[in-house]
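FYI, our numbering numbers position 161 of the sequence shown as 301, with every residue one higher than the one before it.
Accompanying notes for the structure given below.
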Amino acid sequence: MDLPFACDCGKLRGTLLGVSPTNGTRAECYCHDCRAAELYAGQPDPAPGGVQVYQSVPDRVRFDLGEDQLAAFSLSEKGLLQWQASCCGALLFKTARTPKLPFVSFRTDRLEDDNPLGPIVARAFVRKPNGKRGHEGGLKFMFGFAVRALSRRMTGLWKQTPFFHADGTPVRDIHIVPENDRKKFYPARS
Ligand SMILES: [Zn+2]
Ligand SMILES: [Zn+2]
C-alpha cells in the first residue's frame with residue numbers, strides 16, 4: 141500500500157511506497173534519544189509515552205511536495221540523522237549516517253491513516269516494574285532490520301534513497317546539536 145504522509149503544517153508531503161505490516165516493523169521507542177530529538181525539535185514531550193515509529197527502508201520513501209523544507213540534525217557526531225520539516229519542526233525520519241545501512245525509522249504520527257501498518261509489535265527501552273529498561277518484541281525488530289538491510293545490499297536497492305547523494309553524502313547539511321544544548325534534553329545522570 142502507498143500511504144501519504146505530511147509534516148504538521150502540510151508544506152512537506154510524501155508517500156511511503158508499498159508498505160505493509162509484513163515488510164516493516166511497527167514499534168514504539170521509549171529511549172532517551174528519541175525523546176531528546178522530539179524536545180530539541182520543539183515537539184510535544186512524548187514522555188512517559190513512547191515515540192511511534194515504523195521501521196522500513198529508504199527506497200520506500202518518496203517526497204512529493206515541499207522537499208526544500210527538509211532539514212537534518214544529529215544529537216551527536218556519530219548519532220543517527222534526524223530528518224525534519226523546517227517549516228513546523230515536525231520530525232519525520234531517522235536514518236543511519238550512510239546509505240550503506242539502509243533503514244529508516246518513520247514517525248507514524250505523520251500519516252493520515254496508520255491502520256494499514258497493523259498493530260505495534262515491538263517496544264524498545266520500556267521501563268519495567270523493577271525500574272530497569274528492556275525490550276518487548278526486540279527480536280522481531282532486529283531480525284526485520286537485518287533481513288531488509290541485507291536484501292537491499294544484495295539487490296543494490298540501497299542506492300535508491302531520497303536522503304543521500306550518489307556519493308554517499310547526505311542531501312542536507314547536518315546540524316550537530318552542540319553538547320551544551322544537547323544536555324538540556326536528557327535526564328540528569330544519577
Ligand atoms: Zn528510541
Ligand atoms: Zn511543516
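All C-beta atoms in this analysis are idealised placements derived from N, C-alpha and C, irrespective of residue type, glycine included.
Predicted model, so just to flag it, every value in this text is computed and none were measured.
Checklist line | Residue closest to Gln-195, alpha-carbon to alpha-carbon, out of Arg-175, Leu-210, Cys-169 | finding: Cys-169
Checklist line | Bridge-paired residues (DSSP) for Leu-145 | finding: It should be pointed out that residue 145 corresponds to Phe in this sequence rather than to Leu. The partner list for Phe-145 (beta bridge, DSSP) reads Gly-154, Leu-251.
Check: Within 10 angstroms of its Cβ, does Gly-164 collect 16 or more other Cβ (buried), or is it exposed?
Finding: buried
Margin query: Following a CB-centred definition, is Ala-264 positioned closer than 7 Å to any heavy atom of ligand 1?
Written below: yes
Note to self: When you measure from the CB of Gln-192 to every non-hydrogen atom of ligand 2, does any distance come out below 7 Å?
What the structure shows: no
Notebook entry, point to check: Mapping DSSP to helix, strand and coil, what is Cys-228?
Noted result: coil
Check: Looking at C-beta atoms only, is the number of pairs between the stretch 166 to 185 and the stretch 285 to 293 that lie closer than 8 Å three or more?
Finding: no
Note to self: Is Asp-148 near ligand 2 - that is, is its Cβ less than 7 Å away from at least one heavy atom of it?
What the structure shows: yes
Checklist line | DSSP-derived helix/strand/coil call for Arg-175 | finding: helix
Notebook entry, point to check: Across which residues does DSSP place Tyr-194 in a beta bridge pair?
Noted result: Arg-166, Phe-246
Next item on the list: May I have the straight-line CA-CA distance separating Ala-177 from Pro-161, to the nearest angstrom?
Entry: 26 Å
Item checked: C-alpha distance - Leu-143 paired with Val-159, whole-angstrom precision -> 8 Å
Next item on the list: Say yes only if the C-beta of Asp-173 is nearer than 7 Å to one or more non-hydrogen atoms of ligand 1, and no if none qualify.
Entry: yes
Margin query: With a threshold of 7 Å on Cβ separation, who are the neighbours of Gly-258 within its own chain once the five nearest residues in sequence on each side are excluded?
Written below: Pro-161, Arg-166
Note to self: I need the boundaries of the beta strand (DSSP E) containing Glu-217, first residue and last residue.
What the structure shows: Counting along the chain, Glu-217 falls outside any beta strand (DSSP E), and DSSP gives it neither H nor E.
Next item on the list: Tell me Gly-274's beta-bridge partners as DSSP assigns them.
Entry: Val-266
Notebook entry, point to check: Hey, out of Leu-210, Glu-217, Arg-273, Thr-238, whose CA is closest to His-305's CA?
Noted result: Thr-238
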